[in-house]
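For what it's worth, numbering that gives the first Met the number 0 labels the leading residue of the sequence shown as 0, then goes sequentially. Below is one structure, written out as structure tokens, with a few remarks after it.
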Amino acid sequence: MTPETSGSISVSTNYLTPSDPSLPALALQVTQLVGSYMLWVGTTEGSPEDVDKATMQGNLCKDWACAMPPKVVGATIPATSLFRSSESDIALSMAQRLAKRFTKQIFLSIDVPSSFMTIGQGPKLLLDVEKGIVATLLEMEQSHADSRSTDI
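What follows is the structure, given as structure tokens:
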């Protein structure tokens, strides 16, 4: 994880090792804002040390969505696609699940090559994407909670 911090905004880029050797590694960039996360995830051929370069080679607007946490338990999770292509509509439902779980606004961009979706490896890769995002955000939230408790 390579964090950069500017005031109350922090940016980190993480290398996510694939669960299956036939799948590509993933790069996850998390921009932590006040009450929201902006996430970009895409495949990378680079090493863990070069994970920062993956974001420069990726595409922000391949499949991009925004979701808000529900104000009332059980309510519909408001969300919208900011940009999507005809072959991808994954970010919308994933952003809704993440907004509900973390009770924060989520901007999510998924940059996965359509070739993985068409050859049957898509579901496995998307499961890795979501698991990697959840694990990273849980770690960030725990770290934030720990730093707040030491400030008291």
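The beta carbon of each residue, even a glycine, is placed where N, CA and C say it ideally should be.
- It is roughly 33 Å from the alpha-carbon of Ala-144 to the alpha-carbon of Lys-61.
- The beta-bridge partner set that DSSP reports for Phe-106 consists of Met-37, Cys-65.
- With 16 or more neighbouring CB atoms inside 10 Å of its own CB, Thr-43 falls in the buried class.
- At the C-beta level, Pro-23 and Leu-124 come within 9 Å of one another.
- With a cutoff of 9 Å on beta-carbon distance, Ala-94 and Ala-74 are scored as not near each other.
- Cβ-Cβ distances below 7 Å link Phe-115 to Gly-121, Leu-124 in the same chain, with the five nearest sequence neighbours on each side left out; the list follows chain order.
- Distance check between Met-67 and each of Phe-82, Ser-92, Pro-112, Asp-88 places Ser-92 closest, using alpha-carbon atoms only.
- For Ser-46, the secondary structure class from DSSP, reduced to helix, strand or coil, is coil.
- Using a 10 angstroms sphere on the CB of Ser-108, the tally of other CB atoms reaches 16 or more, which defines it as buried.
- Around the CB of Phe-106, 16 or more other CB atoms lie within 10 Å, so the residue is classed as buried.
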